[in-house]
Every structure is written in C-alpha cells, then in structure tokens.
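Visitor:
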Amino acid sequence: MRILVCNEQYAPAGGAEVYLLDVMARLEARCHEVGILHDAPAAPEVEKKRPAFRVPGSMGFVHDSSAPVVETVRRAVEEFAPDVLYLHQAMNPAVNLALAGAAPFVQYVHGLRLTCPTGRRLPRTWEGICEKPFDAHCLWKAHTQLCMPRRPDTALRVWTDVRRNVKAARLARRVLAPSRYVADLLVRGGTPQELVEVLPYYTEIPPAAERARPAPERRVLALGRLEPEKGFQHLIEALPLIEAPAVLEIVGEGPFRGELERLARQAPERHRVIFTPWVAREKLSEVYARARTVAFPSTWPETFGLVGIEAMAHGLPVAAFEVGGVAEWMRDGATGALVPRKDVPALARALDAYLSDGELALRHGAAGREEVRRRFLPERHLGRLEEVLAGAAARARP
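Residue numbering for the sequence shown follows full-length UniProt numbering, starting at 1 and increasing by one per position.
Right, here's the structure in full:
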C-alpha cells in the first residue's frame, strides 16, 4: 500500500510523534510505501528518510485556513497518490475536510482535542476531571468553569473548530483510539460507535528485561515532561511518607523544573532526588535498569500512558494515579498499584511497599512483562493496523 501519514510534527516532539516515527518505519519494513504530510519543520535525522510534504499552516489547531493552504495540501495528496491516508495530530478543520474528500482515511486519536475544546478536560473552578461529552454545553462551561476563552466570539470559534473536526472524523473509514477511555469520549461526543476501535500503543521487551534480583538501590523512576499536570510535585510530596530510604530520579525537561527543584530541597535527608535531562530512546533501558519501581503520578486524564507499558516491559512494577486510560494497562495488585488521583498518602504506601519488599517488586514486575508480551507487542498492533488500512483502501477501489 501507499500510505500518506498526516501529522503536525515530523520530529520526536512527544509521545504521539515517537509512536508515529516508529510505526512508519515498521510499515516500511513490511514493504509499504510511506510518505508524510506535515506542518512544522522536520527533524534533521528524519527529513530525507521518506517522501515528505511540508505545508505550513496545514495541521495545527487554527480557526481558519487560507484557500492556498488547502489547495497545496490537495496537490501534495495528488502527487503522492496514496491508497489511504493515516491522520494523527491534524487539527485544521478546513484541511481535514479537504483530506476527507481527497482519499480514504483512517484517523488515530492520540489526544483529547476531538472530545474537548481545550484538549485538557481540566476545569479551573473545581478540582477534578471533566467527564461530560463534547456538546453545546461546553459553551456555557466556558463561563462557569473557566475552561475556555470567556469572550463569546472566541469561545464559539474554538467550539466550532472542534465540531468541524468531529464532522471530518465521521468521514473516516475507521477512527482508532489508544484506550477505551478515549473511544467512549469520542462516541459520546458524536463519532459513530461503529467507526471507533481501540488499538492500544505498543512497546518492545528488551533482552535485559528478565530480572533475577531487585535493583540493588531503592530507586523510584519517573519520566515525562516537567509540567504541573504530570504530577511530579505530588511524587515529591510523598517522600516524607516513605519510610524506606530511597532515590527518586525524575527524567525529563519542562517549565516546571524550577518549582520541582524547590520542592525537592525540602525532602527528608534519608531520600535523594535526582533530575536527569531527556534520555535518547536507545539509552532508556539503562535508566530503567537502575530502578526498583516506576511512578506515574500524572493528574491529567492520560489517553493511555506509554511510560507504563515501557516500565512493565522492563520488568518494573508501576505505582500510578487512576486517571484516563491508565487502568486499562494496569492490573492493580498484580502488575502495579493503582491509587486515587492526587491521593499522596496512597501513592507513598504503594511505593514504600515496592522499595521495602524487593521480592514483591520482582513478582509484579515479572507479571507486567508477561502482560506486555500478551497484549502490547508491536506485531499485534501492526497486524491489526495493516488490516484496517487495507480495508479502508479496498473500499475506495472501483
């Protein structure tokens, strides 16, 4: 098949893009011809790997798109002549509607932009996660919950753009979601249930994942972008409640680092907090090998939580807040510990159990590795993805 991927970024900018770069390479290894239509500049290491069409202003979340941008997108599609389009982080309503008319397409919904005008589902006027479907009531919530621009004209434009993107998604041959959590929100927001299918992310089990003994150091590992919604502040707040002396290693970068460092200086002397910059993916196994357990303290409604299955693949148990799609890969009490959102004492107890009982950490880590082997390997994902893409392409042929 000739597959044209559509995504705003063509660089390892986030979890969706890491998935995308990997899945394109795997599709090519299966003898498919893959091209990409993107908006932002390409990363140098991938720029020349495959046919690429950059159209600035084509994929980002904008209120309006000029006719020349839409026409340039159409010409790019005509030039590549795909059997099927594979849409990802593509949020320009005019372009998405044009793509829907240019070729059959499958859409993978990584985030929450098709289910919430802000893409966050975090109201500002009360503590919690919004569970309401996307509908006209979102315009009222802009005023009552301060979760959208309060100017009526601006709020209406934002809301209308989401509605138009939902309209485009309804024209897809299939809408894929990484979790049942996202799939349910899509259906409740107007995407036909018969179009929506859950296809979870995947990861590989590294050769060194088998662990005969716990890591010698009591180390908690946490990875992610350093911003408030990722919850690292709650992880640091849990340290005084953890009895076993431990090292907390936080891997990542972001605007919240200064505040996290300030909080870390207040940690009890029996604990040590280390901040490590982003690590290249080929070096991640070395980071996981140092840890006894992984914390996933995100308070944002994660659409999946790729770090969780990566940790499990490395034979590590995970302690996480129950948000979004996390419960769909976690087996509480078997592969890790699932605790209520922002319940810092419960998070501390879960981590303390793994730090003080190495055999428990080994058992849950081994169970997590087997869960990955059973449900989250690349072959399972790619096999179903090929079927979906081929089915979409076949329906377009005369």
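Yeah, the Cβ is synthetic: ideal placement off N, Cα and C, and Gly gets one too. Note that the structure is a prediction, hence the values are computed from the model and not measured.
Can you check whether the CB of GLU17 is closer than 9 Å to the CB of GLN89?
Guide: Residue 89 sits at position 89 when you count from the first residue of the sequence shown. Residue 17 sits at position 17 when you count from the first residue of the sequence shown. In this structure, GLU17 lies closer than 9 Å to GLN89 by Cβ.
Visitor: Looking only at its chain, what residues have a beta carbon closer than 6 Å to the beta carbon of residue 472, apart from the 5 residues adjacent to it on each side?
Guide: As shown, the chain starts at 1 and ends at 398. That puts residue 472 outside it, with no answer to give.
Visitor: Grab me the residues of LEU99's own chain with a C-beta within less than 8 Å of its C-beta, minus the 5 sequence neighbours each way, in chain order.
Guide: As a position in the sequence shown, residue 99 is number 99, starting the count at 1. Hits under 8 Å: CYS6, VAL73, VAL77, LEU85, LEU87, ALA90, PHE105, ALA168.
Visitor: In chain order, which alpha helix (DSSP H) runs of at least 4 residues are fully inside the region 17-81?
Guide: Segments of the alpha helix (DSSP H) lying fully in the region 17-81: 67-80.
Visitor: Sorted by chain position, which residues of the same chain lie with C-beta nearer than 7 Å to ARG124's C-beta, five sequence neighbours on each side aside?
Guide: Position 124 of the sequence shown, counted from the start, is the residue given in the question as residue 124. Cβ within range, chain order: GLN145, LEU146, CYS147.
Visitor: Name the DSSP bridge partner or partners of CYS6?
Guide: On the sequence shown, position 6 is the one that residue 6 refers to. Paired residues: LEU37, LEU87.
Visitor: Might you give, ordered along the chain, the residues of its own chain that have their beta carbon closer than 6 Å to the beta carbon of PRO398, omitting 5 neighbours on each side?
Guide: For this step, residue 398 is matched to residue 398 along the sequence shown. Residue placement at PRO398 cannot be trusted, given a pLDDT of 45 that sits under 50; what the coordinates show is reported in the next sentence. Answer for PRO398: no residue qualifies.
Visitor: So LEU389 packs on MET59, CB below 8 Å; how close in whole Å?
Guide: Counting from 1 along the sequence shown, the entry for residue 389 is found at position 389. Counting from 1 along the sequence shown, the entry for residue 59 is found at position 59. Their Cβ separation, rounded to whole angstroms, is 20 Å, which puts LEU389 and MET59 out of contact at 8 Å.
Visitor: Taking three-plus beta-carbon pairs below 8 Å as touching, is the region 180-191 in contact with the region 120-135?
Guide: Enough Cβ pairs lie closer than 8 Å, so yes.
Visitor: From this set, LYS49, GLU286, ILE205, LEU27, which residue's C-alpha is nearest GLU386's C-alpha?
Guide: The sequence position of residue 386 within the sequence shown is 386, counting from 1. Comparing Cα-Cα distances from GLU386 to each of LYS49, GLU286, ILE205, LEU27, the minimum goes to LEU27.
Visitor: Check for me: the alpha helix (DSSP H) holding LEU263 runs from which residue to which?
Guide: Counting from 1 along the sequence shown, the entry for residue 263 is found at position 263. First-last of the alpha helix (DSSP H) with LEU263: 257-264.
Visitor: Quick one: what's got a C-beta closer than 8 Å to GLY111's C-beta in the same chain, skipping five residues either side?
Guide: Here residue 111 is taken as the residue at index 111 of the sequence shown, counted from 1. Excluding positions up to five away in sequence, the list reads ALA16, GLN89, GLY119, THR303.
Visitor: Hey, could you find the ends of the alpha helix (DSSP H) ARG373 is sitting in?
Guide: Taking the sequence shown and counting its residues from 1, one reaches residue 373 at position 373. Unbroken alpha helix (DSSP H) run through ARG373: 358-375.
Visitor: Please tell me whether ILE236 and LEU351 are closer than 9 Å, where the distance is taken between their beta carbons.
Guide: For the purposes of this step, residue 236 is taken as the residue at position 236 of the sequence shown. For the purposes of this step, residue 351 is taken as the residue at position 351 of the sequence shown. Not a contact, by the Cβ cut-off of 9 Å.
Visitor: Is DSSP giving GLU197 helix, strand or coil here?
Guide: The residue given as residue 197 occupies position 197 in the sequence shown. In the structure shown, GLU197 sits in a strand (DSSP, three-state: E or B).
Visitor: Using alpha carbons as the reference points, say which of PHE61, VAL55, PRO82, THR115 lies closest to PRO301.
Guide: Sequence index remark: in the sequence shown, residue 301 carries index 301 (1-based). Considering only alpha carbons, the answer is THR115.
Visitor: Determine which residues share a DSSP beta bridge with PHE275 and list them.
Guide: Within the sequence shown, the letter at position 275 stands for residue 275. For PHE275, which the question treats as bridged, DSSP gives the partners ILE250.
Visitor: What residues match up with TYR108 in a beta bridge as DSSP calls it?
Guide: Numbered from 1 along the sequence shown, position 108 holds the residue referred to as residue 108. Bridge partners of TYR108: LEU176.
Visitor: Since ARG380 and TYR202 are thought to touch, with beta carbons under 8 Å apart, how far apart are those beta carbons, to the nearest angstrom?
Guide: Looking up residue 380 in the sequence shown gives position 380. Looking up residue 202 in the sequence shown gives position 202. At roughly 7 Å, the Cβ-Cβ gap stays under 8 Å, so ARG380 and TYR202 are in contact.
Visitor: Would you decide whether ALA11 is buried or exposed? Buried here means 16 or more other CB atoms lie within 10 Å of its CB.
Guide: Here residue 11 refers to the residue found at position 11 when the sequence shown is read from its first residue. Classification of ALA11: buried, given that the 10 Å Cβ count is 16 or more.
Visitor: Would you list the one or two residues that DSSP bridges to LEU221?
Guide: For this step, residue 221 is matched to residue 221 along the sequence shown. Its beta-bridge partners are GLU249, VAL294.
Visitor: At the level of alpha carbons, what is the spacing between GLU8 and ASN92?
Guide: As a working mapping, residue 8 is identified with position 8 in the sequence shown. As a working mapping, residue 92 is identified with position 92 in the sequence shown. Using only the alpha carbons, I get a separation of about 10 Å.
Visitor: Which residue wins for smallest C-alpha separation from PRO178, given the options ARG375, MET24, ALA208, ARG164?
Guide: Counted from its first residue, the sequence shown places residue 178 at position 178. Checking every option, the nearest Cα to that of PRO178 belongs to ARG375.
Visitor: Whose C-beta lies closer than 6 Å to the C-beta of PRO206 among residues of the same chain, with five residues either side of it excluded?
Guide: The sequence position of residue 206 within the sequence shown is 206, counting from 1. Around PRO206: SER285.
Visitor: If distances are taken between C-alpha atoms only, which option among VAL69, GLY189, VAL34, ALA13 comes closest to PRO44?
Guide: Counted from its first residue, the sequence shown places residue 44 at position 44. With distances taken between Cα atoms, PRO44 lies closest to ALA13.
Visitor: Please report the residue range of the alpha helix (DSSP H) in which VAL326 lies.
Guide: Counting from 1 along the sequence shown, the entry for residue 326 is found at position 326. Neither: VAL326 is in no alpha helix (DSSP H) and is coded neither H nor E.
Visitor: Can you give me the start and stop residues for the alpha helix (DSSP H) that LEU306 sits inside?
Guide: Within the sequence shown, the letter at position 306 stands for residue 306. Taken as a continuous stretch (DSSP letters only), the alpha helix (DSSP H) holding LEU306 covers 306-313.
Visitor: Check whether the region 239-253 touches the region 262-280, counting contact only when three or more Cβ pairs, one atom from each stretch, lie closer than 8 Å.
Guide: They touch, by the three-pair rule.
Visitor: Please classify SER298 as buried or exposed, where buried requires at least 16 other C-beta atoms within 10 Å of its C-beta.
Guide: In the sequence shown, the residue the question calls residue 298 occupies position 298. So SER298 ends up on the buried side.
Visitor: Between GLY368 and ASP357, what straight-line distance do the alpha-carbon atoms span, to the nearest angstrom?
Guide: What you label residue 368 is simply residue 368 of the sequence shown in a count that begins at 1. What you label residue 357 is simply residue 357 of the sequence shown in a count that begins at 1. Rounded to whole angstroms, GLY368 to ASP357 spans 17 Å at the Cα level.
Visitor: Taking DSSP as the reference, what is the three-state secondary structure of LEU122?
Guide: One-based indexing of the sequence shown puts residue 122 at position 122. If DSSP states are grouped into helix, strand and coil, LEU122 belongs with coil.
Visitor: Leaving out five residues on either side along the sequence, give the residues of the same chain with a beta carbon under 6 Å from the beta carbon of GLY231.
Guide: For the purposes of this step, residue 231 is taken as the residue at position 231 of the sequence shown. PRO297, SER298, THR299.
Visitor: Rounded to the nearest angstrom, how far is the Cβ of PHE53 from that of LEU37, given a contact under 8 Å?
Guide: Locating residue 53 in the sequence shown gives position 53, counting from the first residue. Locating residue 37 in the sequence shown gives position 37, counting from the first residue. Indeed they touch by this definition, with Cβ atoms about 5 Å apart.
Visitor: Do ALA392 and TRP173 count as a contact pair if the criterion is CB distance below 9 Å?
Guide: To locate residue 173, count along the sequence shown from 1; it is residue 173. To locate residue 392, count along the sequence shown from 1; it is residue 392. According to the sequence shown, residue 173 is Arg rather than Trp. In contact: ARG173 and ALA392 (Cβ atoms closer than 9 Å).
Visitor: Go to GLY101, then tell me how far its alpha helix (DSSP H) extends in each direction, as first and last residue.
Guide: If you number the sequence shown from 1, residue 101 lands on position 101. Run containing GLY101: 93-102, per the alpha helix (DSSP H) assignment.
Visitor: So ALA155 is in the alpha helix (DSSP H); what residue range does that whole segment cover?
Guide: Walking along the sequence shown from the start, residue 155 turns up at place 155. Residues 152-169.
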